[in-house]
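The next block holds one structure in the form of structure tokens; read it before the comments.
Residue numbers (this note's numbering): 667 to 929.
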């Protein structure tokens with residue numbers, strides 16, 4: 667348990683939960699900062715190889731707390747507001763640059779910053795009951811929050827993203843799967859087990875290579891094709907210097923399954 671979110675470990679997989687289930691797990695100023703700092707620290711964490719962001723009490727997150735965040739924001743000056751929006755954006759940047767694959771397991775409500783938390787994950791599973799909404803428009807704000815206007819169209823397409831961001835309406839779980847936001851839907855009783863199974867499979871893989879994959883997925887967003895191909899050539903050549911690459915070769919030749927060690 668941390669002060670502002672729950673942290674559990676199963677082997678090389680860290681499981682994170684916002685921990686105010688009686689309020690559907692809203693963010694506070696403190697939990698934004700704590701999660702940002704924790705994801706920043708993952709880059710140097712040699713024990714954690716993958717992350718699952720899990721629901722708590724049947725819900726993922728209801729976004730920014732109305733009393734603890736929204737109310738105080740109405741009284742802040744521009745400097746205070748920018749400090750806040752920079753902090754929330756830094757959480758997303760920390761997730762994208764932490765070097766560890768992140769699996770979101772979404773049940774119940776995932777709205778506002780909760781929807782962003784799922785969006786910024788690498789892989790997303792959900793229950794059929796999951797309700798996802800980028801509802802910033804409904805509280806008088808632009809849809810361009812925490813990278814939504816950059817990332818969401820890349821995941822589900824420009825027109826679908828525009829509809830969700832302009833209206834703030836709920837995206838059903840079925841829509842989310844059909845549009846590619848959710849990789850697949852899983853029954854509530856199996857959600858966390860399936861997310862953990864997937865995360866453990868990833869964690870057992872070549873973690874240096876997984877870090878490189880995550881890095882290139884981010885860096886190639888603003889590259890042209892020629893630059894991307896060159897960047898991938900360099901990244902793959904680096905991976906070919908690892909012992910894990912040699913382990914995989916030796917295992918293949920021995921008709922065995924490789925056991926990766928991350929070096």
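C-beta: ideal position from N, C-alpha, C; glycine also.
Alpha-carbon spacing of residue i relative to residue j, whole angstroms
i           : j           : result
residue 732 : residue 866 : 36 Å
residue 838 : residue 779 : 17 Å
residue 728 : residue 909 : 44 Å
residue 784 : residue 872 : 24 Å
residue 918 : residue 819 : 40 Å
residue 875 : residue 707 : 19 Å
residue 684 : residue 920 : 45 Å
residue 816 : residue 759 : 13 Å
residue 901 : residue 878 : 7 Å
residue 734 : residue 681 : 25 Å
residue 843 : residue 722 : 22 Å
residue 688 : residue 912 : 50 Å
residue 836 : residue 885 : 30 Å
residue 679 : residue 801 : 31 Å
residue 765 : residue 803 : 32 Å
residue 982 : residue 848 : In the structure displayed, the chain extends from 667 to 929; residue 982 sits before or after that span and is not available.
residue 737 : residue 786 : 26 Å
residue 703 : residue 668 : 12 Å
residue 757 : residue 724 : 23 Å
residue 695 : residue 907 : 43 Å
residue 676 : residue 903 : 32 Å
Pick from the options that is closest to residue i, judged by C-alpha positions
i           : options               : result
residue 883 : 746, 849, 763 and 742 : 763
residue 693 : 710, 713, 671 and 703 : 671
residue 938 : 789, 783, 722 and 705 : Because the chain here runs from 667 to 929, residue 938 falls outside it and cannot be looked at.
residue 799 : 774, 889 and 681      : 774
residue 925 : 881, 868 and 891      : 868
residue 881 : 861, 858 and 905      : 905
residue 824 : 846, 803 and 736      : 846
residue 859 : 701, 690, 669 and 720 : 720
residue 755 : 710, 782 and 688      : 782
residue 793 : 891, 753, 700 and 776 : 776
residue 870 : 929, 813 and 797      : 929
residue 753 : 725, 711, 700 and 840 : 700
residue 673 : 695, 705 and 821      : 705
residue 840 : 887, 861, 812 and 791 : 791
residue 887 : 821, 726, 712 and 691 : 821
residue 730 : 724, 857 and 697      : 697
residue 989 : 686, 761, 710 and 711 : This structure cannot settle anything about residue 989, because the visible part of the chain is limited to 667 through 929.
Beta-bridge pairing of residue i - partner residues as DSSP gives them
i           : result
residue 714 : According to DSSP, which records beta bridges pairwise, residue 714 is partnered with nothing at all.
residue 799 : 777
residue 850 : 791
residue 838 : 797
residue 722 : 725
residue 813 : Beta-bridge pairing links residue 813 to no other residue.
residue 730 : 693
Host beta strand (DSSP E) of residue i (start-end)
i           : result
residue 672 : 672 to 676
residue 683 : 679 to 683
residue 917 : Element bounds for residue 917: not the beta strand (DSSP E) but the alpha helix (DSSP H), 909 to 919.
residue 770 : 768 to 772
Limits of the unbroken alpha helix (DSSP H) element including residue i
i           : result
residue 789 : No alpha helix (DSSP H) holds residue 789; the beta strand (DSSP E) holding it covers 789 to 792.
residue 758 : 744 to 762
residue 887 : That residue, residue 887, is in no alpha helix (DSSP H); it is neither H nor E in DSSP.
residue 861 : 857 to 869
residue 833 : 824 to 833
residue 707 : 695 to 708
Contact with chain D by residue i, beta-carbon distance below 7 Å
i           : result
residue 768 : No chain D appears in this structure, which consists of one protein chain only.
Residue i Cβ short of 6 Å to the ligand SAH heavy atom set
i           : result
residue 898 : Only the bare structure without any ligand can be found here, which leaves the ligand SAH out of the picture.
Would you say the segment 892 to 908 touches the segment 802 to 817, given that touching needs at least three Cβ pairs under 8 Å?
no
With three or more C-beta pairs closer than 8 Å as the rule, is the segment 852 to 863 touching the segment 739 to 752?
no
Between the segment 825 to 834 and the segment 725 to 743, are three or more C-beta pairs nearer than 8 Å?
no
When you compare the segment 767 to 786 with the segment 702 to 721, are there three or more beta-carbon pairs, one atom per stretch, that lie closer than 8 Å?
yes
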